[in-house]
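Shown next, in structure tokens, is the structure this report addresses.
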Amino acid sequence: MATAQARGVVYIHSAPRALCPHLEWAVGRAIGRAVNFEWSEQPVLDGARRAEFYWDGPVGTGAALATAIRGWEHLRFEVTEDPTPRSDGGRWLHTPDLGVHYAQTDAAGNIVVGEDRIRYAMEIAAGSPVELQRELDVALGTAWDEELEPFRHASDDARVVWLHKVG
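The sequence shown begins at 1 in UniProt numbering and counts up one residue at a time.
Structure follows, in structure tokens:
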């Protein structure tokens with residue numbers, strides 16, 4: 001049986017200039033080939049750089065990429081892995097203050113919150129709507145999204161890459 005292939009994106013939202021070559025090396029090592037990112041200034045944070053890298057590889061590469069680049073100070077990133085017919089998708093978010101958040105995603109890119117996680121949130125909330133909202137915000141990664149959102153908008157002026165599937 002052939003190994004299922006996946007694809008996704010590594011978004012480096014902000015990294016100190018000195019860390020950039022180390023990130024390229026870590027991503028290259030995780031996918032098994034050398035990579036070069038197209039770095040640009042991150043206007044939200046003075047002195048920081050940003051990059052987007054489209055990858056493909058075996059299912060599970062998204063987790064390997066997130067593991068390879070987590071742990072550096074002052075680094076904000078997002079890794080996505082699209083779902084395949086044989087596997088769920090995933091989204092890994094990282095900020096210096098919050099660490100890593102993982103969420104399963106569906107074919108449309110929506111976060112999927114499992115039944116057990118919802119039951120846990122309801123149990124912890126014990127009937128309190130405020131507490132239930134807090135628990136669901138944790139499950140959805142709301143704090144990570146809020147912190148990363150200004151850095152994401154910085155890419156609005158980035159060049160567009162059109163991807164086509166031929167055949």
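In this text, a Cβ means the ideal position worked out from N, Cα and C, and glycines have one as well.
Remember, it's a predicted structure, so these values are computed and weren't measured experimentally.
* Asked: Whose CA, out of Glu146, Val112 and Thr95, lies closest to the CA of Gly89?
  -> Taking the sequence shown and counting its residues from 1, the one referred to as residue 89 is at position 89. The candidate whose alpha carbon is nearest that of Gly89 is Val112.
* Asked: Looking only at DSSP bridge pairs, what is Thr80 linked to?
  -> For the purposes of this step, residue 80 is identified with residue 80 of the sequence shown, where counting begins at 1. DSSP output for Thr80 lists Val9 and Arg91 as bridge partner(s).
* Asked: According to the neighbour-count rule (16 or more other Cβ atoms, all chains shown, within 10 Å of its Cβ), is Gln133 buried or exposed?
  -> Locating residue 133 in the sequence shown gives position 133, where the first residue counts as 1. Exposed, since its Cβ has fewer than 16 Cβ neighbours within 10 Å.
* To do: Kindly indicate which residue of Glu38, Ala126, Gly32 and Leu148 has the alpha-carbon position closest to the one of Ala68.
  => Locating residue 68 in the sequence shown gives position 68, counting from the first residue. Among Glu38, Ala126, Gly32 and Leu148, the Cα nearest to that of Ala68 is on Gly32.
* For Glu70, which of helix, strand or coil comes out of DSSP? -> Residue numbering aside, residue 70 sits at position 70 when the sequence shown is read from its first letter. For clarity, residue 70 is Arg in the given sequence; the question names Glu instead. Coil.
* Considering Gly57, what are the terminal residues of the beta strand (DSSP E) in which it resides? -> On the sequence shown, position 57 is the one that residue 57 refers to. That run of the beta strand (DSSP E) goes Ala48 to Pro58.
* Would you mind reading off the limits of the beta strand (DSSP E) that contains Val44? => The residue given as residue 44 occupies position 44 in the sequence shown. No beta strand (DSSP E) contains Val44, which DSSP labels as neither H nor E.
* **Touching by the beta-carbon criterion (3+ pairs, under 8 angstroms), the segment 121–137 and the segment 79–88** => no
* Give me the Cα-Cα distance between Thr95 and Ser14, rounded to the nearest whole angstrom. => Position 95 of the sequence shown, counted from the start, is the residue given in the question as residue 95. Position 14 of the sequence shown, counted from the start, is the residue given in the question as residue 14. Spanning the two alpha carbons is a distance of roughly 9 angstroms.
* **Nearest-angstrom beta carbon gap, Ala139 and Ala126 [assumed within contact, 8 angstroms]** => Numbered from its first residue, the sequence shown carries residue 126 at position 126. Numbered from its first residue, the sequence shown carries residue 139 at position 139. Actually they do not touch by this definition, with Cβ atoms about 17 angstroms apart.
* **Distance between Asp56 and Arg7 (C-alpha atoms, nearest Å)** => Against the sequence shown, residue 7 aligns to sequence position 7. Against the sequence shown, residue 56 aligns to sequence position 56. Their backbone Cα atoms lie some 4 angstroms apart in a straight line.
* Under the three-state DSSP convention, the category Thr3 falls into -> One-based indexing of the sequence shown puts residue 3 at position 3. The answer is coil: DSSP assigns Thr3 none of H, G, I, E or B.
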